[in-house]
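First up is the structure itself, then whatever we jot down about it.
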Amino acid sequence: MQISYQKVVFYLVILLFANSVEAKEYDLRSPDGSILIHISIEENITYSLYVNDKQILENSSLALTIDDNMVLGHNPFVIKEEFRSEDAFLFPVLKVKSERIRDHFNELTVFFKDNYKITFRAYDTGIAYRFETQFKKELKVYSELAKFNFSSNDTVYFPREKEFHSHNERLYELTNLDSLEKKDLCSLPVLIATKNKFKLFITETGLLDYPGMWLTGVEGNALTAVFPQVALEEKIDSKRWKDDRSIRVTKTADYIAKTKGERTFPWRIIGISKKDADLITNQLTYQLAKPSESIDFSWIKPGKVIWDWWNYNNIYDVDFKAGINTETYKYYIDFAAKYGIEYVIFDEGWYELGDVMAVVPEVDLKELVRYGKNKNVGIILWTTWSSLDQKLDEALDAFQEMEIKGVKVDFMQRDDQWMVNYYQRIAEACAKRKLLVDFHGSYKPAGLRRTYPNVLTREGVKGAENNKWAAYITPDHNLTIPFIRMVAGPMDYTPGAMLNRQKENFTISWNRPMSLGTRCHQLAMYVCYESPLQMLCDSPSNYYREQKSMKFLSKVPTVWDETIVLDAKIGNRLLVARRNKNEWYIGGMTNWSSTKLQLDLSFLPKDKKYLMTLYSDGINADRVGIDFMQTEIIVDSNYNKKIQLAKGGGLAAMLIPIK
């Protein structure tokens with residue numbers, strides 16, 4: 029569907045300095061007029077950002093240093109500029125937030141004489157820019173300048189990193205911009221709370237054949253980009269692992285990318301929210317990403333997956349020895365079949381580490397695939413990235429022939445140019461064989477999910493697995509990540525714990541893991557957190573004992589036609605309603621503060637009634653995290669009640685229309 033361009037109002041004014049061809053200024057406004065980018069082209073290229081006429085960024089700079097110390101953006105000479113507006117709808121293959129996305133923006137492209145151009149876009153939800161070069165020869169990119177100068181000493185949610193070798197699973201430190209120095213490194217996305225009460229998140233998309241962007245502190249109220257250099261040598265980190273689960277770069281080049289001379293570079297995004305709820309619905313990382321090409325993706329089937337690793341294969345009430353073996357995996361498949369769970373993941377242990385083609389003798393892989401197929405349950409296989417890469421075509425061809433449904437690729441832990449290209453190679457190779465992909469040990473989503481929709485989800489988030497060795501996956505953390513990490517794209521947090529504890533009786537256990545917060549806090553994640561391939565992390569044996577919870581978990585979808593944020597405050601609470609076809613699901617979460625959430629169903633169609641199954645914290649959930657109530661009630665759009673949530677609590681609901 030295309031809306032006529034003639035009906036779009038340009039909020040674009042060109043101001044030219046008199047008698048000067050070098051110095052130019054441009055104002056570019058968002059379609060609703062609330063966001064303004066003021067671009068100044070003099071000796072260097074800078075821009076300032078205003079929201080509701082309040083300055084947020086001032087004289088922020090951008091440049092690209094390439095071969096022969098040529099700096100694109102220094103002493104620029106403008107040849108021409110082009111302006112356009114667009115108002116159209118995108119229809120994603122995977123409906124992560126909604127079945128359609130309004131793509132409404134105003135755009136300025138400035139052409140420079142040295143074979144490059146820069147495009148700026150202004151949306152109602154943020155701004156973005158990117159370089160494009162038009163050289164016939166291959167380029168080396170030595171550095172990229174992307175400096176964000178804030179107008180005041182704002183608060184930053186800082187995902188601190190020690191080095192570029194990282195799983196990018198971070199807690200968020202609340203600090204001020206002026207406290208950060210060059211040594212302070214963070215991965216993306218990063219969130220800034222301004223003095224003007226706006227939230228800005230910085231991230232990137234369209235990341236192809238180029239290293240990922242990171243940020244450091246810099247003098248003043250500013251953040252500046254840094255990038256991993258091209259890897260020349262690498263070796264296994266033998267001090268930590270005896271296999272290929274950790275491969276470190278040991279030697280780098282003096283440049284960050286060697287790439288085609290005719291290309292577009294990644295978009296630098298500054299998302300803008302006037303209220304916290306806007307962060308949950310922001311779709312800029314998808315809108316600006318490269319669309320998928322002429323590959324058939326109609327075969328993609330999102331869904332839920334039962335996972336073996338987190339629960340340590342702790343199954344019971346069986347007549348065989350639990351472990352990584354055929355009998356245990358048939359038990360998982362039987363469970364998935366009973367509850368309509370689409371997939372089972374075979375995590376670490378199904379093959380001999382180092383050789384992805386060497387299935388351990390305890391696992392009859394072909395028999396398990398056959399068994400699952402007969403029960404309409406697909407198999408997804410975990411592998412380290414290195415083992416898969418060593419036998420990529422052989423392994424993927426074998427997986428396709430066996431009718432494996434997908435791969436979970438792990439332990440990349442870097443985003444230099446080679447590794448970014450590896451992600452694309454895996455996505456493309458799997459797409460050709462109709463295999464789904466889940467990236468773990470990964471950097472944040474940066475647009476690949478639109479180019480290759482078979483990439484259903486990825487980690488790059490400090491999720492539930494950390495409960496096995498730490499006590500920092502708190503309700504406070506759980507109410508921070510959807511406003512920062514999830515804005516970049518789906519996150520494989522791996523929810524679903526059935527052993528739920530308040531902090532005074534939480535214990536760390538590798539073999540018998542549990543979660544902080546209540547049972548309803550966990551159930552709510554299936555609505556609040558976005559992942560088209562959503563995990564059930566706990567043991568099937570535990571789920572069999574939790575029939576009330578399984579009524580919800582077996583039913584809740586993983587993709588959505590519509591998302592409505594009912595209440596949101598970062599780090600404090602979140603209440604979301606999502607629609608799949610004609611059914612609605614609601615998830616609500618709170619931090620360590622007990623609270624009441626207003627469940628207002630006025631968004632429902634006025635002439636419809638629904639059977640609402642509501643899961644809410646039990647009266648003793650503040651002491652016993654597993655305590656919850658399940659109630660059923662007929663509701664319509666007039667329903668409006670406050671629901672009590674315990675500390676670390678939640679609520680979940682499914683609304684099925686009554687015919």
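So the sequence shown is residues 29 to 687, counted in my numbering. Cβ coordinates follow ideal geometry from the N, Cα and C atoms, glycine included. Predicted, not measured: the structure shown is a model, and the values here were computed from it.
Using the Cα positions of residue i and residue j, report the straight-line distance between them to the nearest angstrom.
{"i": "Arg296", "j": "Val388", "result": "45 Å"}
{"i": "Tyr33", "j": "Ala116", "result": "Caution is warranted here: a pLDDT of 33 is assigned to Tyr33, below 50, making its placement in the model unreliable, and the coordinate value is therefore given only provisionally. So the alpha carbons of these two residues sit roughly 9 Å apart."}
{"i": "Lys302", "j": "Lys82", "result": "12 Å"}
{"i": "Ala492", "j": "Phe192", "result": "23 Å"}
{"i": "Lys531", "j": "Phe580", "result": "25 Å"}
{"i": "Thr535", "j": "Ala499", "result": "8 Å"}
{"i": "Ser179", "j": "Ala150", "result": "19 Å"}
{"i": "Ile250", "j": "Ser89", "result": "According to the sequence as given, residue 250 is Ala; it is not Ile. Whole-angstrom Cα-Cα distance: 11 Å."}
{"i": "Tyr360", "j": "Glu574", "result": "16 Å"}
{"i": "Arg273", "j": "Phe439", "result": "6 Å"}
{"i": "Met98", "j": "Val391", "result": "57 Å"}
{"i": "Cys565", "j": "Glu429", "result": "28 Å"}
{"i": "Met563", "j": "Val405", "result": "14 Å"}
{"i": "Tyr157", "j": "Gly299", "result": "12 Å"}
{"i": "Trp497", "j": "Lys141", "result": "56 Å"}
{"i": "Thr203", "j": "Asn310", "result": "24 Å"}
{"i": "Phe229", "j": "Lys211", "result": "21 Å"}
{"i": "Gln441", "j": "Asn482", "result": "21 Å"}
{"i": "Gly101", "j": "Ile654", "result": "58 Å"}
{"i": "Val254", "j": "Asn506", "result": "28 Å"}
{"i": "Arg57", "j": "Ala459", "result": "39 Å"}
{"i": "Ser322", "j": "Ser543", "result": "43 Å"}
{"i": "Asp131", "j": "Ser207", "result": "37 Å"}
{"i": "Glu395", "j": "Val593", "result": "45 Å"}
{"i": "Gly234", "j": "Tyr78", "result": "25 Å"}
{"i": "Gly377", "j": "Lys433", "result": "18 Å"}
{"i": "Ser622", "j": "Lys279", "result": "51 Å"}
{"i": "Pro187", "j": "Gln257", "result": "21 Å"}
{"i": "Lys358", "j": "Asn528", "result": "27 Å"}
{"i": "Ala426", "j": "Asp417", "result": "14 Å"}
Opposite residue i in the DSSP bridges: which residues?
{"i": "Tyr371", "result": "Val333, Gly406"}
{"i": "Tyr643", "result": "Gln658, Ala680"}
{"i": "Pro685", "result": "Tyr638"}
{"i": "Gln562", "result": "Lys332"}
{"i": "Leu219", "result": "Tyr185, Phe229"}
{"i": "Leu213", "result": "Glu189, Thr244"}
Put residue i into one of helix, strand or coil per three-state DSSP.
{"i": "Gln83", "result": "strand"}
{"i": "Ala674", "result": "coil"}
{"i": "Asn482", "result": "coil"}
{"i": "Leu396", "result": "helix"}
{"i": "Asp425", "result": "helix"}
{"i": "Trp497", "result": "coil"}
{"i": "Arg606", "result": "strand"}
{"i": "His195", "result": "coil"}
{"i": "Ala91", "result": "strand"}
{"i": "Trp612", "result": "strand"}
{"i": "Gln626", "result": "strand"}
{"i": "Ala386", "result": "coil"}
{"i": "Thr618", "result": "strand"}
{"i": "Asp438", "result": "strand"}
{"i": "Cys556", "result": "helix"}
{"i": "Asp60", "result": "coil"}
{"i": "Thr356", "result": "helix"}
{"i": "Ile361", "result": "helix"}
{"i": "Val448", "result": "helix"}
{"i": "Ser171", "result": "strand"}
{"i": "Leu464", "result": "strand"}
{"i": "Ser267", "result": "The sequence as given places Lys at residue 267; Ser does not occur at that position. Three-state result, Lys267: coil."}
Quick one: does residue i have its CB under 8 Å from some CB of chain B?
{"i": "Met617", "result": "Among the chains of the structure shown, chain B does not appear; only one protein chain is present."}
With a threshold of 7 Å (Cβ to nearest heavy atom), would residue i be considered close to the ligand FMN?
{"i": "Ile408", "result": "Of the ligands one can find in the structure shown there are none, so the ligand FMN has no counterpart to examine."}
| request: Mind listing, in chain order, the continuous beta strand (DSSP E) runs of no fewer than 3 residues lying wholly within the region 96–166? | output: Qualifying beta strand (DSSP E) stretches, in chain order: 98–100, 106–118, 129–140, 144–151, 154–162.
| field | Contiguous alpha helix (DSSP H) assignments of at least 4 residues, all confined to the region 272–350 | value | Annotation: the region 272–350 contains the following complete segments of the alpha helix (DSSP H) (minimum length 4 residues), in chain order: 305–309, 312–315.
| Do the region 325–334 and the region 365–372 touch if we need at least three Cβ pairs shorter than 8 Å? | Taking 8 Å as the limit for Cβ pairs, the verdict is that the region 365–372 does touch the region 325–334.
| Pairing CB atoms from the region 279–289 with CB atoms from the region 230–240, are three or more of them under 8 Å? | The count of Cβ pairs closer than 8 Å, one atom from the region 279–289 and one from the region 230–240, reaches three, so the stretches are in contact.
| Within the chosen definition, does the region 123–140 reach the region 577–594 through at least 3 CB pairs nearer than 8 Å? | Three or more pairs of CB atoms, one per stretch, sit closer than 8 Å, so the region 123–140 contacts the region 577–594.
| query | Do the region 467–484 and the region 303–320 make contact, defined as three or more Cβ pairs closer than 8 Å? | reply | Cβ pair count under 8 Å is three or more, so yes.
| request: List in chain order: all unbroken alpha helix (DSSP H) runs of 4+ residues lying wholly within the region 503–535. | output: Here the runs fully enclosed are 503–506, 513–516.
| task | Count the C-beta pairs between the region 608–625 and the region 543–558 that are closer than 8 Å, then say yes if the count reaches three, no if not. | result | The answer is yes - the region 543–558 touches the region 608–625, with three or more Cβ pairs under 8 Å.
| query | Within the chosen definition, does the region 502–521 reach the region 588–607 through at least 3 CB pairs nearer than 8 Å? | reply | Yes: at least three Cβ pairs fall under 8 Å.
| Given 8 Å, three or more beta-carbon pairs between the region 665–681 and the region 644–652 | Yes, since at least three Cβ pairs between the region 665–681 and the region 644–652 fall closer than 8 Å, the two stretches touch.
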